[in-house]
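In this note's numbering, the protein residues as written are 3 to 606.
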Amino acid sequence: MAAAPTQPLSPDDGLYIWEEESTEAVEGNETLRSHGTDEHSNEQVFAGYLARQMMRSPRADAESPIAVGVGTRRGGHASIDQTDLRQHTVLFGSTGYGKSNLMMNAGRTIAESGDGMIYIEPKGDGAKRFYSILPDHRKGDVVWLEPAGTRSAQTGFNFLDPGVSPDHPEFELIVENILNDLVQMLGASNYWGPLMDAIAENIIRFAARHDAEFTMIDLYFILADQENRERYRDMVNASGHIFLALFADKLAEYDDDDLDAIRRRFKNWVENPIARRVFAHRGNTINLQEVIDEGKILIVRMNKEDEGIKEMVGTAILRRTWAAARDRDGDKSSRGSGPDNFHLLMDEADLLAHEGSSLPTMLSKARTSRLCLFLCCQYPDQLPPEIVGALFSQCDTKMSFSVGSADACKVVGKNLGLKWETLRDEEEYHVWMKTSVGPPDPYRVYALPPFPPTITQTEADHHIERIVRRDGHEPKSDQQLMDELLLNRGDGQLDGAGAILDDSGNRKSMAVADIDLDRVERQTCKTVHDVAIEHGDDDGFVSADLIQHRLIDNLGVDREDLGHESQVWGVLDMVGDDLVEREKRDGEVKLKTTSRGICLLYTS
């Protein structure tokens, strides 16, 4: 007699890779927790049918709350209202208690609502799992950022690029923030001093303002060689940045011994293969403004980087997200939740919670930009007092698992209104929660188990490969990085074979050195004007990337002679702003032929 067919334990059992073998009730809630096996036949405990329904509810109603778990006193559902997310969330907990899982479940539930987010995973191992549990209809919205990744293509951004045009109202503030972030990282040593600060400030300020895309590797080679420092001085003087030129003149006079401290700091990064992959990006493969405006899901995976580099990556993302969020058009703060909200979720936010961090400012002002922060911290007793104060005063939803040490438990217990011994002795997967609209006292919640994946980890890897190939570029060899240096003892893209100074002090490409200046001006105006008609923005500006090959062809210059695309700036720098306007938008340079430039096309 044939055995009866096995009936699925849950109506949605076939949607997931993990096989459900049994279910169990928690705090009176049937099917809250399931037991089964993953694709490798390993035993797993994961969200049961009821828990999955709780986390899927925003798909049908975008206003549904974000499920956290069930209360341990009465078994009621514990959640965060969508409107409260804009008032920010902080979650504390030691490793192994369920902190990362709670954030991952929250991120998946937010994705169901249709909102966009940035999900930062400093440990690396959770990023791929987060992708695998996302709703299938949102996987196509994913952008993957892995600065030190070793995949077939690389995604990343240039740390020295402000990401906004020079006429942006906060351009100068953003440049100074870049400067402060990098100087803080550079100066984390005992052999630093005021002179090193001054040198770093000068070259970083200039690099952030220059049209050509400088990288941290370029800065190292400027400092590493006397001839490069002299060429840097000439470039700064030719740029018209008078006050930067004053110190650039002094920098060219320093000998190698004077610059030993700052050179060694850069050298450590440049010689480290992992750090080099992070800092070598000349352009930006990720457009954060587009991610936010279009409600996409950016997953940031950090793994092999040291803590200093992770801090720099995290700080740069935080700064760029903050600038992009404030730059959104219109005041939609009264429209409630849904697509208008954008979320930033970060595990191990301790990395960014240092003295002088921008976190307190973001927490106090981000809600007006509809930017919702969800921050997880592991060591509250090691945070500066102003950071602890901001987290507890500016985050309306506060949650904590056990935080381990007595000192950490005392910090959290004092701010939550709990005895520190209660936190110290708490069990795994049980979190204490306090919200602005809930009971006045904190309440204990059993956190929902992990949401099961809809695809295998192998399938997730294949999906992510397609994403990085779509958005990224092929990894560059060390020789390619050397060949693309902007200043390198006469062999760089902006010196020697790249660019020299003409009699007027303007940079001039050696590849076009024999071309008449009038012809360069006329052909550049024509190329920018023609390409703008075909592919430009409504206001007549067009991406500089789109004009490069046609400009080379119109000038009659052999592309092999011209070399790397950075040398095109040697041509563009020969053309004045009165003929071709330049703007920086969304991290890329845009060009527009002026009315005078158009007149030039029709004169003999």
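Beta carbons are placed, not taken as given, at the ideal position from N, Cα and C, and that holds for glycine. Bear in mind that the values here come from a model prediction, so they are computed numbers and not experimental data.
Which class does residue i belong to by DSSP, given the choice of helix, strand or coil?
| i | result |
| --- | --- |
| residue 537 | helix |
| residue 402 | strand |
| residue 396 | helix |
| residue 39 | strand |
| residue 91 | strand |
| residue 166 | coil |
| residue 293 | helix |
| residue 600 | helix |
| residue 576 | coil |
| residue 280 | helix |
| residue 465 | helix |
| residue 457 | coil |
| residue 607 | Lying before the first or after the last residue shown, residue 607 is absent from the chain, which here runs from 3 to 606. |
| residue 508 | Note that residue 508 scores 47 on pLDDT, short of 50, meaning its location in the model is unreliable; the coordinates nonetheless yield the value given after this. The answer is coil: DSSP assigns residue 508 none of H, G, I, E or B. |
| residue 144 | strand |
| residue 214 | coil |
| residue 304 | coil |
| residue 488 | coil |
| residue 585 | strand |
| residue 185 | helix |
| residue 447 | strand |
| residue 608 | Since the first and last residues shown for the chain are 3 and 606, residue 608 lies out of range. |
| residue 545 | strand |
| residue 470 | helix |
| residue 439 | coil |
| residue 595 | strand |
| residue 299 | strand |
What is the C-beta distance between residue i and residue j, in whole angstroms, given that I count them as a contact (C-beta under 8 Å)?
| i | j | result |
| --- | --- | --- |
| residue 74 | residue 369 | That belief does not hold up - the Cβ atoms of residue 74 and residue 369 are roughly 31 Å apart, past 8 Å. |
| residue 49 | residue 59 | So it is not a contact: roughly 13 Å between Cβ atoms. |
| residue 574 | residue 527 | Contact flag wrong, Cβ pair sits at about 11 Å. |
| residue 72 | residue 78 | 7 Å |
| residue 343 | residue 372 | 5 Å |
| residue 547 | residue 583 | Actually they do not touch by this definition, with Cβ atoms about 16 Å apart. |
| residue 460 | residue 19 | Actually they are not in contact, since the Cβ atoms of residue 460 and residue 19 sit about 10 Å apart, beyond 8 Å. |
| residue 100 | residue 453 | Actually they do not touch by this definition, with Cβ atoms about 13 Å apart. |
| residue 300 | residue 120 | 5 Å |
| residue 202 | residue 185 | 5 Å |
| residue 198 | residue 263 | 5 Å |
| residue 113 | residue 140 | 5 Å |
Under 7 Å Cβ to Cβ from residue i, same chain only, skipping five residues before and after it: list those, please.
| i | result |
| --- | --- |
| residue 515 | Here the model assigns residue 515 a pLDDT of 43, short of 50, so the residue's position is not dependable and the matter cannot be decided. |
| residue 223 | 230, 487, 489 and 490 |
| residue 416 | none |
| residue 695 | For residue 695 there is no data in the structure shown, the boundaries of the chain being 3 and 606. |
| residue 325 | 165, 166, 172 and 176 |
| residue 451 | 35, 47, 48, 49 and 53 |
| residue 282 | 217, 219, 478 and 483 |
| residue 80 | 70, 71, 72, 73, 435 and 447 |
What residues in its chain sit with their C-beta under 6 Å from that of residue i, if we drop five residues either side in the sequence?
| i | result |
| --- | --- |
| residue 298 | 118, 143 and 145 |
| residue 507 | For residue 507, the predicted model reports a pLDDT of 42, less than 50, meaning its position is unreliable and no value from the coordinates is stated. |
| residue 261 | 225 |
| residue 104 | 449 |
| residue 309 | none |
| residue 249 | 204 |
| residue 313 | 353 |
| residue 149 | 158, 280 and 315 |
| residue 462 | 130, 133 and 134 |
Starting from the C-beta of residue i, find all residues in its chain whose C-beta is less than 8 Å away, skip the five residues before and the five after it, and write them out in chain order.
| i | result |
| --- | --- |
| residue 581 | 523, 526, 527, 595, 596, 598, 599 and 602 |
| residue 90 | 365, 368, 369, 374, 375, 376, 377, 396, 397, 398 and 399 |
| residue 86 | 398, 399, 437, 438 and 439 |
| residue 484 | 490 |
| residue 443 | 419 and 436 |
Would you say the beta carbon of residue i comes nearer than 7 Å to a heavy atom of the ligand MN?
| i | result |
| --- | --- |
| residue 577 | Within the structure as shown, the ligand MN is missing, as the structure has no ligands at all. |
Inter-stretch contact at 8 Å, needing at least 3 Cβ pairs: the stretch 143-158 / the stretch 286-301: yes
Ordered list of alpha helix (DSSP H) runs contained in the stretch 15-81, each at least 4 residues: 51-58
Meets three-Cβ-pair contact criterion under 8 Å: the stretch 160-169 and the stretch 213-222: yes
Contact between the stretch 260-276 and the stretch 314-329 (3+ Cβ pairs under 8 Å): no
Touching by the beta-carbon criterion (3+ pairs, under 8 Å), the stretch 17-28 and the stretch 56-64: no
Every unbroken beta strand (DSSP E) inside the stretch 342-425 [3 residues or more]: 344-348, 373-379 and 399-402
Alpha helix (DSSP H) runs contained entirely in the stretch 97-139, provided each spans 4 or more residues: 101-115 and 127-135
Validate contact between the stretch 453-468 and the stretch 416-432 using beta carbons, cut 8 Å, 3 pairs: no
Any 3 or more C-beta pairs closer than 8 Å across the stretch 403-410 and the stretch 93-112: yes
At least three beta-carbon pairs within less than 8 Å, the stretch 352-361 to the stretch 382-399: yes
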